[in-house]
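Chains as they are written, first to last, in the working numbering: chain L, 1 to 142; chain G, 143 to 284; chain V, 285 to 364; chain H, 365 to 444.
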C-alpha cells in the first residue's frame with residue numbers, strides 16, 4: 001500500500017470544491033496550505049475565447065495524477081497534495097483544475113504546488129479545445 | 143489614486159472567507175489564481191499548542207498590507223493580490239492569514255503569493271501568543 | 285489477436301470515432317497500428333502523439349499483446 | 365507637547381496598559397520615550413522593538429512632534 005493510495009485525485013464534470021481538497025490534505029502538523037486554481041481566461045493568442053471544452057482519458061488521467069502525488073510524497077515526505085481536474089464545457093473564470101498542498105512550512109508548500117501543476121501539464125492526458133467567436137481549435141502542448 | 147486603493151486588505155476577528163479574496167483578485171485575463179493559507183499548527187518547538195492568540199496594531203497592519211500590495215503592483219503589473227489576517231483566538235487548523243493572487247500566468251502567481259506572505263511576516267505589526275498546555279508565550283520574530 | 289483503441293481530442297475528431305477493437309498480427313508494434321490509422325486518415329500524418337498502452341506511456345516500438353488498450357495521446361493541454 | 369502611545373503584545377502585557385498620552389519636551393526623541401518606559405519597567409530592558417510614528421517604521425533618533433502616535437513594535441510574528 002502506497003502512501004497516496006487514499007489521496008484525492010479525480011477527473012470530474014462538476015464544479016470543483018476547493019474546500020474538499022483542503023480538507024483532504026491539511027493535518028494538525030501543517031502551518032501552510034497552498035491552493036492553485038487554473039482558470040479559464042478570456043484571451044488566447046489574441047483571440048477572444050467564448051468557452052473551453054476539456055476532454056480527458058479519465059482512467060489514465062487519474063492514474064497519472066496519482067503518480068504525481070507519489071512523486072510529491074517521495075520528494076517532500078512531510079507534505080500531502082490533492083488534484084481535481086474538471087472536464088466538459090467551462091466558461092470564462094471557471095476553474096479547470098485545483099491543486100492543494102498541506103505542509104508544515106510555507107516555502108515548500110509553494111514549491112510542491114508548483115511542481116504538481118507543472119507535472120499535470122506535462123503528463124496528464126487531458127486536452128482543451130478553445131472555442132472562439134469564429135471557430136475552434138484543440139490546443140496541443142509541446 | 144494608486145492602483146491598489148480599492149484592493150482588499152483587512153484585519154478581522156472573523157473566520158476568513160477565501161472566496162471573497164479570490165473574487166477580489168480574479169479578472170477575465172487571469173489563467174491562474176494562487177491562494178495561500180497560514181494555519182495554526184499543533185506543535186511548536188516540540189510543545190503542544192492548545193490555541194493561539196493573535197494581536198494586531200490594526201490601522202498600521204492594514205497600511206503595511208496595502209504597501210505590500212503596492213509592491214506587488216509595481217513588480218508584477220499584470221497581477222492583483224489580496225490579504226486578510228485574522229486576530230483573536232484561533233484553534234488548531236484555523237487560518238490566521240489568507241493571501242490570494244490572480245495572474246495571467248501560473249509561475250508568477252506562485253512567486254507573487256510567496257512574496258506577499260514573506261513580506262507580511264517581515265513588516266505587518268501582528269503578533270501571536272502560543273498557549274500551551276503548561277504556559278504561554280509571545281512569539282517574537284527575528 | 286485483438287487490441288482495443290480509444291481516441292481523444294483532435295485524433296477522435298479527425299477519425300470521427302471514440303473507440304474500436306482492431307485485429308492485429310502477433311507481435312504487432314504500436315507504430316504499425318498508427319500507420320494503419322494514417323493510411324485510413326491522411327490528416328493524421330502530421331499529428332504528434334505519445335502512445336500509451338494500458339494507461340502507461342510507452343514507445344512506438346512497443347510490442348502489443350492480446351487484449352491491450354492502446355491510445356495515441358495527442359500533446360496534452362490540461363491544467364490551464 | 366503630547367504624544368499618544370499604544371502598546372501591543374509582549375510590551376502591552378509587561379506594562380499592563382494599552383494606551384496612554386505622555387507629556388514630552390519639545391524635540392524629544394523616540395529613544396528618550398523608550399528610556400522612560402524602561403526606567404518604569406526594567407523587564408523591558410532586553411525587549412527588541414522597531415519604533416513606529418504615525419504608523420510608519422522609523423528610527424530611535426526620530427524627533428517627535430506634538431500629536432504624534434508612537435508605538436514600540438515588538439518583532440512581528442503574524443502570518444503563520
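Idealized CB from N, CA, C, for every residue including glycine.
List, in order along the chain, the chain G residues whose C-beta lies closer than 8 Å to that of residue i?
i, result
"residue 374 of chain H", "269, 280 and 282"
"residue 402 of chain H", "Those do not exist, as residue 402 of chain H stays about 17 Å from chain G at its closest Cβ, beyond 8 Å."
Does the Cβ of residue i have 16 or more other Cβ atoms within 10 Å, making it buried, or fewer, making it exposed?
i, result
"residue 125 of chain L", "buried"
"residue 221 of chain G", "buried"
"residue 74 of chain L", "exposed"
"residue 56 of chain L", "buried"
"residue 177 of chain G", "buried"
"residue 159 of chain G", "exposed"
"residue 327 of chain V", "exposed"
"residue 224 of chain G", "buried"
"residue 180 of chain G", "buried"
"residue 362 of chain V", "buried"
"residue 256 of chain G", "buried"
"residue 15 of chain L", "exposed"
"residue 308 of chain G", "Outside the shown range of chain G, which is 143 to 284, sits residue 308 of chain G, and nothing can be said about it."
"residue 187 of chain G", "exposed"
"residue 301 of chain G", "Outside the displayed span of chain G (143 to 284) sits residue 301 of chain G, for which this structure offers no information."
"residue 102 of chain L", "buried"
"residue 109 of chain L", "buried"
"residue 43 of chain L", "exposed"
Comparing the C-beta of residue i with each C-beta of chain H, is any distance below 8 Å?
i, result
"residue 238 of chain G", "yes"
"residue 266 of chain G", "yes"
Measure from the C-beta of residue i to each C-beta in chain V and report whether the shortest distance is under 8 Å.
i, result
"residue 121 of chain L", "yes"
"residue 1 of chain L", "Residue confidence for residue 1 of chain L is low, a pLDDT of 39 falling below 50, so the modelled location carries little weight; the figure read from the coordinates is stated next. By this cut-off, residue 1 of chain L is not an interface position."
Counting only beta-carbon separations shorter than 8 Å, does residue i have a partner in chain G?
i, result
"residue 30 of chain L", "yes"
"residue 417 of chain H", "no"
"residue 440 of chain H", "yes"
Going along chain V in order, which residues have a C-beta closer than 9 Å to the C-beta of residue i?
i, result
"residue 16 of chain L", "The premise fails here: residue 16 of chain L is roughly 13 Å from chain V at the closest Cβ pair, so nothing lies under 9 Å."
"residue 117 of chain L", "363 and 364"
Taking 8 Å as the CB-CB limit, is residue i close to chain L?
i, result
"residue 225 of chain G", "no"
"residue 301 of chain V", "no"
"residue 332 of chain V", "yes"
"residue 287 of chain V", "no"
"residue 274 of chain G", "no"
"residue 307 of chain V", "no"
How would you list, in chain order, the residues of chain L whose beta-carbon sits under 7 Å from the beta-carbon of residue i?
i, result
"residue 175 of chain G", "37 and 39"
"residue 168 of chain G", "39 and 93"
Applying a beta-carbon distance threshold of less than 9 Å, which residues of chain G neighbour residue i?
i, result
"residue 370 of chain H", "199"
Identify the contact partners of residue i in chain G, using a Cβ-Cβ distance below 7 Å as the criterion.
i, result
"residue 394 of chain H", "None at all; the shortest Cβ gap to chain G is about 15 Å."
"residue 114 of chain L", "252"
Residues of chain L with CB closer than 8 Å to the CB of residue i, please, in chain order.
i, result
"residue 246 of chain G", "41"
"residue 355 of chain V", "57, 60 and 125"
Using a Cβ-Cβ cut-off of less than 7 Å, give me the residues of the stretch 178-209 of chain G that come near chain L, in sequence order. Cβ contacts with chain L: 178, 179, 180, 181, 183, 184 and 185.
Within 8 Å, do at least three Cβ pairs link the stretch 306-318 of chain V to the stretch 340-359 of chain V? Contact between the stretch 340-359 of chain V and the stretch 306-318 of chain V is present: three or more C-beta pairs spanning the two stretches fall below 8 Å.
Is there contact here, the stretch 224-236 of chain G with the stretch 192-207 of chain G, by at least three beta-carbon pairs under 8 Å? Touching, per the Cβ criterion.
I want to know whether the stretch 13-29 of chain L touches the stretch 299-308 of chain V - three or more CB-CB distances under 8 Å. The answer is no - the stretch 299-308 of chain V does not touch the stretch 13-29 of chain L, with fewer than three Cβ pairs under 8 Å.
Check whether the stretch 202-218 of chain G touches the stretch 289-296 of chain V, taking contact to mean three or more Cβ pairs, one atom from each stretch, closer than 8 Å. No, they do not touch.
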